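Some notes on the structure that comes next.
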Amino acid sequence: MKKILTIRGRSKDRRNDGKTPLIKESNNNVQDGYDPEDKGYDTPLAQNTLNTSKEVAKVLNVASNTCDDEHCLIQKWVSKHFPKPPTPDQNLNQHLVHVQEAVLHELLRLGPLLKLKGLMGFLIDCYHRQTFDHLHSLLQNATSTQNSFVLMNWVLHIYQSEELLGHPDLQEIDPINQVDHLLVSEWEEKAKVKLLENVEREVRQSLAKILQIEIGQECCDHEEDYVRLYVDTIQCIDAMHNEAKKISSDLSDEVQHVCFKRLLIFVRRYSAEQTEALGKKAEMDEPETIHFLKTLKTCKELKWYVQTTGKKNHLVTEIVETLKNMEASTWRLLMGIVADIAEVDCSAIEAENMRSIGMLVNGDVVFISFGAGENQMMYMVMTSGLQNAWSRQRSGVMWCNARHLRLRDFGRGVCFSAGRQERDSAVTAL
5 MKKILTIRGR SKDRRNDGKT PLIKESNNNV QDGYDPEDKG YDTPLAQNTL
55 NTSKEVAKVL NVASNTCDDE HCLIQKWVSK HFPKPPTPDQ NLNQHLVHVQ
105 EAVLHELLRL GPLLKLKGLM GFLIDCYHRQ TFDHLHSLLQ NATSTQNSFV
155 LMNWVLHIYQ SEELLGHPDL QEIDPINQVD HLLVSEWEEK AKVKLLENVE
205 REVRQSLAKI LQIEIGQECC DHEEDYVRLY VDTIQCIDAM HNEAKKISSD
255 LSDEVQHVCF KRLLIFVRRY SAEQTEALGK KAEMDEPETI HFLKTLKTCK
305 ELKWYVQTTG KKNHLVTEIV ETLKNMEAST WRLLMGIVAD IAEVDCSAIE
355 AENMRSIGML VNGDVVFISF GAGENQMMYM VMTSGLQNAW SRQRSGVMWC
405 NARHLRLRDF GRGVCFSAGR QERDSAVTAL
C-alpha cells in the first residue's frame, strides 16, 4: 500500500513540475482550437490556394497578401480600376465610351491568364456588378431626357453587343449567358421610370413656353409667326417619340402616351386662350382675318399629326375633339366678320347652303360659299401675303360670283380667276 501511495505521489509531483507553465504559455493564443497565427497553409489544398492567390496577384500586378484569396484580389482590382463617375462638364456619351473601352480592355487582357485558373467567369461577374452599380449612380444624376436616352441606349444596344460582352474574342466563355440578367432588368425598369419623369417635365415646360409666346404675340407679319405654334409643338413631341423609337417600340409608345397627355392639357389651354382672344378681335371695327386663319391652320396641322402618328386611344380622340370644337368656334367668328363686311346677315343664310369649299394646303386662302344657283356667292379670305396680289380689299376679303370662279393649284403657286372669258381677271399667288 505504501508503494502505491508513493507512486501516486510521484505522479502528482510530475504533473506539477516546471514543465507545466511552458505548456500553458504555448497555448495562450489558442482559442477553441483556432490559432490566428496559423496561416493554415500546411495542407496541400491550402498551399495550392496560396499559390493561386500569389499567381493572381502577379497577373494583376499587385502585392501578394496572404490574407486575400484570389476572389478578393479580383474584386479589389475591379473596384479600384473601374472608371470614376464623370465630372459635371463631361459628356455622358464620352464617359460611357470610356467605360466600354476600359472594361473590354481588362476582360481581354486578364481573360486568358485567369481562364487557366478557372477565374474568368468570376472576373466577368465582378465587372458586370461593378458596371451596374456605376449605372445606378449615373441614373440618379440623369436629370434630362437626353441623358436618360443615352443611358438606356447604351445598356440595351451597346453593353451586350459585339462592342462589349458580345465581343468575338470573348465568345468562347459566352459572357452574356453568364451574367446576372436580373440586374439588367431591374435597372431597365428604374431607368424607364426616370425617363418618363424627365419626358413629362420637359414636355410640360416646353409647351408652357410655346403657349406663353403665342399669347404674347400680337402681330402675324411673317411666315414664322404664322406657323410657329404648331411647328414648335409637333417638333417638341416628335423629338421625344423619335428618340424612344431608337430604343424600342414599346418604349416609344409609353413616351408618346406621356407626351399626348401633356398635349391634351396644352390644347385645352390654347383653345380657351385663343377663343377668348379671337372673340375680342372679332368685335373690332376692322379685325385682321389672318389671326383666324392662323388658328384654323394650327388646328388642322395638330389634328393631322395626332391622327397620323398616335395610336387610336382616348387621348387622341379627346385632342381631336377639342381641336374640332375650336375650329368650329373660329369659323363662326370668321363668317361673322365676312358677313359684316359684305353687309350680309349670317342668320338669314340657311345652314345647308353654307359650305366650306376648303382651305388650301398652305393655309393662305379660305373659300366659303353662300346661297345656291344664280344667287350663290363665294368669298375668299386672304392672308396679308396674298393681299398684295390684288388691289387691297377690306380685311383681305374678295367677293365674286361663284359660278365663274376657277381655281388651279400648281403646288407652290395658286392661280385663280373670276369672270367670263375675255373679261376674266386672274392672279397668281406664290
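Numbering (our numbering), first residue to last: 5 to 434. A virtual CB, placed ideally from N, CA and C, is assigned to each residue, including glycine. Computed from a prediction, not measured in an experiment: that's the story for all the values here.
Measure the C-alpha to C-alpha separation of residue i and residue j and round it to an integer number of angstroms.
i, j, result
"V103", "R266", "36 Å"
"T321", "M339", "27 Å"
"G122", "K250", "39 Å"
"P172", "L112", "10 Å"
"E204", "K213", "14 Å"
"K284", "Q98", "54 Å"
"P89", "L77", "22 Å"
"L337", "L282", "8 Å"
"V271", "D289", "29 Å"
"N329", "S253", "32 Å"
"L114", "E167", "17 Å"
"V259", "F296", "32 Å"
"Q79", "Q134", "9 Å"
"V188", "H140", "11 Å"
"H261", "K315", "9 Å"
"E228", "E331", "21 Å"
"H161", "G170", "11 Å"
"S165", "Q175", "11 Å"
"W308", "W335", "18 Å"
"L108", "Q221", "55 Å"
"T58", "D257", "First, the residue type needs correcting, since residue 58 is Lys and not Thr in the sequence shown. Their Cα atoms are separated by approximately 54 Å."
"H138", "H226", "50 Å"
"R273", "W81", "58 Å"
Anyone know if the C-beta pair for residue i and residue j falls short of 8 Å?
i, j, result
"L268", "L319", "yes"
"I219", "A286", "no"
"L100", "K196", "no"
"T302", "L233", "yes"
"L327", "L306", "yes"
"N151", "L96", "yes"
"K298", "Y230", "yes"
"V207", "I241", "yes"
"F153", "E247", "yes"
"V159", "E192", "yes"
"K194", "L142", "no"
"I294", "C224", "yes"
Among the options, which has the Cα closest to the Cα of residue i?
i, options, result
"F86", "Q94, E110 and D73", "E110"
"A106", "N202, S83, S141 and V203", "S83"
"E277", "L215, T293, L300 and E247", "L215"
"S275", "S152, E325, Q150 and A343", "E325"
"E280", "L155, S253, S333 and C263", "S333"
"K119", "E74, E167, Q311 and E227", "E74"
"S210", "Y163, D184 and T149", "T149"
"L117", "L168, L64 and E167", "L64"
"Y163", "I128, K194, T91 and Q144", "I128"
"L186", "H132, K58, E258 and H261", "H132"
"A343", "E331, V310, W308 and P291", "P291"
"D236", "E222, H226 and I217", "I217"
"P92", "K58, T147 and C263", "T147"
"C130", "G170, D184, C263 and R273", "D184"
"N317", "E228, Q221 and F264", "F264"
"L155", "W81, K58, L108 and K198", "K198"
"N202", "M244, D257, L108 and H138", "M244"
"N145", "E222, V310 and Q94", "Q94"
>> Contact between the stretch 177 to 190 and the stretch 117 to 135 is defined here as three or more beta-carbon pairs at a separation below 8 Å; is this criterion met?
In response: Counting C-beta pairs with one atom in each stretch, the stretch 177 to 190 and the stretch 117 to 135 have three or more that are closer than 8 Å, which means they touch.
>> Suppose only complete runs of 4+ residues qualify. What are the alpha helix (DSSP H) ranges in the stretch 140 to 216, listed by chain order?
In response: As far as the stretch 140 to 216 is concerned, its whole alpha helix (DSSP H) runs of at least 4 residues are 149 to 161.
>> Suppose only complete runs of 4+ residues qualify. What are the alpha helix (DSSP H) ranges in the stretch 235 to 297, listed by chain order?
In response: DSSP runs (the alpha helix (DSSP H)) wholly in the stretch 235 to 297: 253 to 286.
>> Could you tell me which whole alpha helix (DSSP H) segments of length 4 or greater appear in the stretch 61 to 134?
In response: Qualifying alpha helix (DSSP H) stretches, in chain order: 74 to 85 and 96 to 119.
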